[in-house]
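Written out below as structure tokens is the structure these notes cover.
Numbering (our numbering), first residue to last: 4 to 290.
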């Protein structure tokens, strides 16, 4: 009886019912899934083997860690700016949507705040003049560095103008003692620098300036980079930040609004020191 119920075409080939078709599709899908799973296992084994090789080579593992973000820093579409949040003036928000603390260092790519910052200062640009938010031509410099935080190295650029210039120049002069030291000269980027902030009253309300402190060990020797991989990473990052800064100076983007682009005129640094109102010549600026 069962055989009589089955339907055959004219050539004697059994016609498939809907259930047969579903069963066939399920078996095909199962075979494809098993094949893909086997391929994934093989790929995972290869990757694991490669990672084991990396982990087995401490120097190579360090290079992987140090360079994990190289080439991808701009994928977020945000300049790696480090600024000081000022209540009533800054508009930046943290990743959770809240406002940073007044005077906190704000790192734009990750939208996080730091009460203080330990960093390596990699480069300081030449001076250039550009309009401020009020349209007044102001002397500017751009500082580039790497924040050291919880084992991470975060490249940054900071726009420096007004009352923030003099502390940076003072830091540059102090760093110059090491960059010109004998018998071994120390690159500025190899120094570890602690950044804090100080509130300064002005006619436009309180403002913040950055305080630089080169960190020293118990013997009063500067704390330096001693890992060759980290040293090379910082040296390579100097070139990356210099290129970024040069492009910013050509078409100036302000840290208050990174999307704003204005043409600026490059000038020789002959600014007025904001806190002393004294003329500063190019020879006095140690960069």
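Cβ coordinates follow ideal geometry from the N, Cα and C atoms, glycine included.
Pairwise C-alpha distance: residue 124 and residue 161: Taking the first residue of the chain shown as position 1, residue 161 is located at position 158. Taking the first residue of the chain shown as position 1, residue 124 is located at position 121. Taking the straight line joining both Cα atoms gives about 11 Å.
Can you tell me the Cβ-Cβ gap for residue 95 and residue 109, rounded? I've got them flagged as a contact below 8 Å. Taking the first residue of the chain shown as position 1, residue 95 is located at position 92. Taking the first residue of the chain shown as position 1, residue 109 is located at position 106. That pair is a contact at about 5 Å.
To the nearest whole angstrom, what separates the beta carbons of residue 116 and residue 134, a pair I think is in contact under 8 Å? Counting from one through the chain shown, the residue named residue 116 turns up at place 113. Counting from one through the chain shown, the residue named residue 134 turns up at place 131. No, residue 116 and residue 134 are not in contact; Cβ-Cβ is about 28 Å, not under 8 Å.
Can you tell me where the alpha helix (DSSP H) with residue 181 in it begins and where it stops? Within the chain shown, the letter at position 178 stands for residue 181. Segment 168-182, the alpha helix (DSSP H) holding residue 181.
Please report the distance separating the alpha-carbon of residue 61 from that of residue 93. Position 58 of the chain shown, counted from the first residue, corresponds to residue 61. Position 90 of the chain shown, counted from the first residue, corresponds to residue 93. Taking the straight line from one Cα to the other gives about 43 Å.
Three-state class that DSSP yields for residue 238 in the structure shown: Start at 1 with the first residue of the chain shown, and residue 238 comes out as number 235. Looking at residue 238 - three-state DSSP - the assignment turns out to be helix.
Would residue 120 and residue 145 be called neighbours here (beta carbons separated by less than 8 Å)? For the purposes of this step, residue 120 is identified with residue 117 of the chain shown, where counting begins at 1. For the purposes of this step, residue 145 is identified with residue 142 of the chain shown, where counting begins at 1. In this structure, residue 145 does not lie closer than 8 Å to residue 120 by Cβ.
Per the DSSP calculation, residue 148 is bridged to which residue(s)? Taking the first residue of the chain shown as 1, we reach residue 148 at position 145. Per DSSP, 124, 159.
My understanding is that residue 226 touches residue 195, with C-beta atoms under 8 Å, so please give their C-beta distance in whole angstroms. Walking along the chain shown from the start, residue 226 turns up at place 223. Walking along the chain shown from the start, residue 195 turns up at place 192. With a Cβ gap of about 4 Å, residue 226 and residue 195 count as contacting.
According to the neighbour-count rule (16 or more other Cβ atoms, all chains shown, within 10 Å of its Cβ), is residue 224 buried or exposed? Taking the first residue of the chain shown as position 1, residue 224 is located at position 221. Exposed, since its Cβ has fewer than 16 Cβ neighbours within 10 Å.
Return the first residue and the last residue of the beta strand (DSSP E) that residue 203 is part of. For the purposes of this step, residue 203 is taken as the residue at position 200 of the chain shown. It spans 196-203 - the beta strand (DSSP E) in which residue 203 sits, taken as one unbroken run.
Using the beta-carbon count (16 or more within 10 Å), is residue 201 buried or exposed? Residue 201 sits at position 198 when you count from the first residue of the chain shown. It is exposed - the Cβ of residue 201 has fewer than 16 other Cβ atoms within 10 Å.
What does DSSP give as the partner residues of residue 228 in its beta bridges? Locating residue 228 in the chain shown gives position 225, counting from the first residue. According to DSSP, which records beta bridges pairwise, residue 228 is partnered with nothing at all.
Less than 6 Å between C-beta atoms, sequence neighbours within five positions excluded: which residues of the same chain meet that for residue 237? Within the chain shown, the letter at position 234 stands for residue 237. Excluding residues within five positions, the ones whose Cβ falls inside 6 Å are 123, 192.
Within the continuous beta strand (DSSP E) that includes residue 192, where are the two ends? Numbered from its first residue, the chain shown carries residue 192 at position 189. It is not in any beta strand (DSSP E) - residue 192 carries neither H nor E in the DSSP assignment.
Express the C-alpha separation of residue 222 and residue 253 in angstroms, rounding to a whole number. Position 250 of the chain shown holds residue 253. Position 219 of the chain shown holds residue 222. So the alpha carbons of these two residues sit roughly 44 Å apart.
Check the C-beta distance from residue 113 over to residue 244 and give it rounded, since I have them as a contact under 8 Å. Taking the first residue of the chain shown as 1, we reach residue 113 at position 110. Taking the first residue of the chain shown as 1, we reach residue 244 at position 241. About 17 Å; that fails the 8 Å criterion.
How should residue 269 be labelled, buried or exposed, when 16 other C-beta atoms within 10 angstroms of its C-beta is the threshold for buried? Translated into the one-based positions of the chain shown, residue 269 becomes position 266. Because the pLDDT of residue 269 is 36, which lies under 50, any placement of that residue in the model is unreliable, and the question is left without a value.
I need the straight-line Cα distance from residue 155 to residue 231, nearest angstrom please. Mapped onto the chain shown, residue 155 falls at position 152. Mapped onto the chain shown, residue 231 falls at position 228. Their backbone Cα atoms lie some 17 Å apart in a straight line.
Let me know if residue 218 comes out buried or exposed under the rule of 16 or more other beta-carbons within 10 Å of its beta-carbon. In the chain shown, counting from the first residue as 1, residue 218 sits at position 215. So residue 218 ends up on the exposed side.
Taking the beta carbon of residue 212 as the centre, do at least 16 other beta carbons fall within 10 Å, making it buried, or is it exposed? Mapped onto the chain shown, residue 212 falls at position 209. Looking at its Cβ environment, which holds 16 or more other Cβ atoms inside 10 Å, residue 212 is buried.
By the three-class DSSP mapping on this structure, what secondary structure does residue 105 have? Within the chain shown, residue 105 is the residue found at index 102, counting from 1. In this structure, residue 105 counts as coil in the three-state DSSP scheme.
Same chain, Cβ closer than 7 Å to residue 177, five either side skipped, listed in chain order: Against the chain shown, residue 177 aligns to sequence position 174. Closer than 7 Å at the Cβ level, and outside the excluded window around residue 177, lie 217.
What does residue 88 pair with, by DSSP beta-bridge criteria? Looking up residue 88 in the chain shown gives position 85. Note: residue 88 sits in no beta bridge, so no partner.
Beta-carbon contacts of residue 170 that lie in its chain and below 7 Å, excluding the five residues immediately before and after: Against the chain shown, residue 170 aligns to sequence position 167. For residue 170, where only same-chain residues beyond five positions count, the Cβ hits under 7 Å are 212, 213, 214, 215.
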